[in-house]
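Asker: Add 1145 to a position in the sequence shown, counting from 1, and you land on the number used in this note's numbering.
From the three backbone atoms N, C-alpha and C, an ideal C-beta is built for every residue, glycine too.
Small disclaimer: the values here were computed from a predicted structure and weren't measured.
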Amino acid sequence: MILHICAAGDWTGGEYRTPSLDAEGFIHCSDPGTAHLPANALFTGRTDLVLVEIDPARLGVPVRWEPGSPPHPAGIWFPHVYGPIRPEAVIAVHPFPPGPDGTFRLPATLAHR
């Protein structure tokens, strides 16, 4: 399972593309252990986010694990989806609000899997 962070309003349930797919050639994703890292680095103050839960085997496009941009200080790599996310690859969409302290943590709906 991999996860993609996006605004709830951007997720339509159809084939999903991001500007990064056109600009960089891939869609940025995370895994359950790293989703909080880009969320806390890039989405501070946002309350409109969701985590799209994706089965990579159903994507029909390559998924490559690569360094972040910029690279994470601990050398963590992230999954990059090299094509659009097809609806049949999406397992679930989870609300992803920040906690009371403003930081993001994996939602309980994903933490207990």
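1) Use the C-beta contact count for Leu1187: other C-beta atoms within 10 angstroms, 16 or more gives buried, fewer gives exposed.
2) Does DSSP put Arg1203 in a helix, a strand or coil?
3) Output yes or no for whether 9 Å exceeds the beta carbon distance between Val1235 and Val1206.
4) DSSP three-state call for Ser1175: helix, strand or coil?
5) What do you get for Pro1245, buried or exposed, if any count of 16 or more other CB atoms within 10 angstroms of its CB means buried?
Answerer: Taking the structure as given:
1) Exposed, because fewer than 16 other Cβ atoms sit within 10 Å of the Cβ of Leu1187.
2) helix
3) Val1206 sits away from Val1235, with the two beta carbons spaced by 9 Å or more.
4) strand
5) exposed
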